[in-house]
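These protein sequence lines map, in sequence, to chains A and B.
Mapped onto our numbering, the consecutive letters of the first sequence carry residue numbers 10 to 178.
Mapped onto our numbering, the consecutive letters of the second sequence carry residue numbers 551 to 802.
First the structure, in the form of structure tokens, and then the observations on it.
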Amino acid sequence: MKSPQKIFLPLKHPEKLRAGDFLLLNGSLAVARDSTLQRFFASSRKNFPGDAAIFYCGPIIRDAEVIASGPTTSSRMDWALEGILSKGVGVIIGKGALSPAGSAALINRGVYFEAPGGAGALLASRVTAHKTIAYAHLGAQALRLFEVRDFPVIVSQDYEGRNIWRKKL
Amino acid sequence: MTNKKLEEKILRANYELTPDVSACIRKALKNEKNPRGRQFLKLIEENIAIAKKKSFPLCQDTGIVSFHVGAPADIRALREAVRKSYGRLRDSQVKKPFDRKVDKRNLPSVNLAPDDFTPSFLIRGGGAMNCSGLMSANPSSDANCIEREIAAFVVSKAPYCCPPVFVGVGIGGAPHDAMLASERMLLKDQRKPMSRMENKIYAEINRSGIGPGGWGGKNTVLCVRIGELPMHMATMSVGISMSCWCLRKGKI
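Written out as structure tokens, the structure is:
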């Protein structure tokens, strides 16, 4: 395995990445998932906070510290992809294969990264700051902003649509 | 057992894997050759070390607790222990299917186990539960056919359930008995040698190449455990309970 590439968000040259590349992300991510996105699209005309990257996650925050923040299953949010892309977000971070429709929607418009599923404690240790932006009453599904340092991901689908899942599903 | 002790056990199960589960992961890292799969397993090992050292949840999805206990169990005490310990974890439960307001009780599932079963609990997240299911097979099916069906089911679901997975299978009983037996199989020691049938399913799943995290490799499943029950002669219920690599459990 090649050594990981350090990436600073917002991502300037998504087309240079290849499916299978291992990256360490630095920058700020909008944290959202099922109910967050339902609320957001129902009520907000704003853009997502952060560096045009969205992270599907429902973290645990104890005594103001993020103590577990792994990715959740991305395909569940494929219904929201069009909306997310239309808000200018070009980096999707989650886990697991996208649906064929989700995967197709991203081609030449965005990239899909997978963080290690279940690595909640490790990924929390790479979150350097966090802020709740909206919907605090949704608990784990509030809209948040994470600053991350050396946040490990693999390129699951690159800009042109090459995909680590293609031959397996 | 006092409630305090049970609360502590539930919290610990969220921070630390049992020896059988860690042994399976270590073994996978030893024999995995795919560089991406290896990378995933190394990140997982780092995660396990951080969670243990800092008393952080291994996974942010601290899920729903499922007890398997013989009668008589003090169900109220079990619920109370979960409510209290989950105050320090994540509220993953919502009250109703459609208005989805957070339910801070984190009501566990409480199930009746056979008398000789050690009272235990299992913790699974949404991903693992979404990937579990029930098949009603033809009672004339032979073992080969059922093995293929189980392997195909697991291969279709594993990409969404944080592989390498653990697979519990219950064959027989009423449909819900098959599901409960399949959950109990996840509570068994996952290190002990597999039966011939379990091994065949295991090998078939691992031929998929999905690998750790879906990043590629030969470790898609770590263990298959099958339990059999008496059943109605016209039925063959096959319950399949999946767990992610992060199989969290404890004895009461």
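Yeah, the Cβ is synthetic: ideal placement off N, Cα and C, and Gly gets one too.
Here the structure is a predicted model, which means the values were calculated and not measured.
Alpha-carbon to alpha-carbon, A/ARG71 and A/LEU131: To locate residue 131 of chain A, count along the first sequence from 1; it is residue 122. To locate residue 71 of chain A, count along the first sequence from 1; it is residue 62. Near 16 Å, if we compare the C-alpha coordinates of A/ARG71 and A/LEU131.
Check whether the region 561 to 572 of chain B touches the region 95 to 105 of chain A, taking contact to mean three or more Cβ pairs, one atom from each stretch, closer than 8 Å. no
Along chain A, in chain order, which residues have C-beta atoms closer than 8 Å to that of B/GLU596? Reading the second sequence from its first residue, position 46 is the one you call residue 596 of chain B. Simply ALA128 and LEU131.
At a Cβ threshold of 8 Å, is B/ILE560 touching chain A? To locate residue 560 of chain B, count along the second sequence from 1; it is residue 10. For B/ILE560, the answer is no, since every Cβ of chain A falls outside 8 Å of its Cβ.
Supposed contact pair B/GLY722 and B/ARG775 - C-beta distance, whole angstroms, cut 8 Å: Looking up residue 775 of chain B in the second sequence gives position 225. Looking up residue 722 of chain B in the second sequence gives position 172. Their Cβ separation, rounded to whole angstroms, is 15 Å, which puts B/ARG775 and B/GLY722 out of contact at 8 Å.
Can you tell me where the alpha helix (DSSP H) with A/ALA113 in it begins and where it stops? On the first sequence, residue 113 of chain A is found 104 positions in, with the first residue counted as 1. 109 to 115 is the extent of the alpha helix (DSSP H) around A/ALA113.
For B/TYR636, report the span of its beta strand (DSSP E) as first-last. The residue labelled residue 636 of chain B in the question sits at position 86 within the second sequence. Looking at the DSSP string, B/TYR636 is not in any beta strand (DSSP E); the run it does join, the alpha helix (DSSP H), is 625 to 636.
Per-residue burial, B/LYS707 [other beta carbons within 10 Å of its own, 16 or more giving buried]: For the purposes of this step, residue 707 of chain B is identified with residue 157 of the second sequence, where counting begins at 1. It is buried - the Cβ of B/LYS707 has at least 16 other Cβ atoms within 10 Å.
Using 10 angstroms around the beta-carbon of B/SER631, count the other beta-carbons present and answer buried if the total reaches 16, otherwise exposed. In the second sequence, the residue the question calls residue 631 of chain B occupies position 81. Correcting the residue identity first, residue 631 of chain B is Ala in this sequence and not Ser. Buried, since its Cβ has 16 or more Cβ neighbours within 10 Å.
Simplified DSSP assignment, three categories, for B/ASP611: As a working note, residue 611 of chain B is residue 61 in the second sequence. Here B/ASP611 sits in coil by DSSP.
Counting only runs that start and end within the region 84 to 141 of chain A, where is the beta strand (DSSP E) found for 3 or more residues in a row? 100 to 103 and 120 to 123
Jot down the residue ranges of each uninterrupted alpha helix (DSSP H) in the region 681 to 764 of chain B, minimum 4 residues, whole runs only, in chain order. 693 to 707, 725 to 736 and 746 to 756
Just the Cα atoms here: how many angstroms apart are B/HIS726 and B/GLY777? Within the second sequence, numbered from 1, the residue matching residue 726 of chain B stands at position 176. Within the second sequence, numbered from 1, the residue matching residue 777 of chain B stands at position 227. Their backbone Cα atoms lie some 14 Å apart in a straight line.
For B/GLY800, decide whether its Cβ has a neighbour in chain A, counting only Cβ atoms nearer than 8 Å. The sequence position of residue 800 of chain B within the second sequence is 250, counting from 1. No, its Cβ sits nowhere closer than 8 Å to a Cβ of chain A.
With 16 as the cutoff for other CB atoms within 10 Å, does A/THR82 come out buried or exposed? As a working note, residue 82 of chain A is residue 73 in the first sequence. When all chains shown are included, A/THR82 counts as buried.
Proximal residues, the region 768 to 790 of chain B versus chain A, C-beta separation under 8 Å: none
Run through chain A and tell me which residues come within less than 9 Å of B/TYR752, C-beta to C-beta. Counting from one through the second sequence, the residue named residue 752 of chain B turns up at place 202. Chain A residues near B/TYR752: none, gap ~18 Å exceeds 9 Å.
Helix, strand or coil for B/SER572, going by three-state DSSP, please let me know. Residue 572 of chain B sits at position 22 when you count from the first residue of the second sequence. Reduced to three states, the DSSP call for B/SER572 is helix.
Cβ pair B/PRO585, A/TRP174 closer than 8 Å: On the second sequence, residue 585 of chain B is found 35 positions in, with the first residue counted as 1. On the first sequence, residue 174 of chain A is found 165 positions in, with the first residue counted as 1. No, they are not a contact pair.
I'd like to confirm the pairing. Which residues does DSSP put opposite A/LEU152 in its beta bridges? As a first step, residue 152 of chain A is located in the first sequence; it is residue number 143 there, counting from the start. DSSP lists A/ALA143 as partners of A/LEU152.
Short-range partners of chain A found in the region 551 to 581 of chain B, where Cβ spacing is below 8 Å: none
Can you list the residues of chain B that A/SER134 reaches, using a CB-CB cut of under 7 Å? Numbered from its first residue, the first sequence carries residue 134 of chain A at position 125. Here the neighbours are ILE600.
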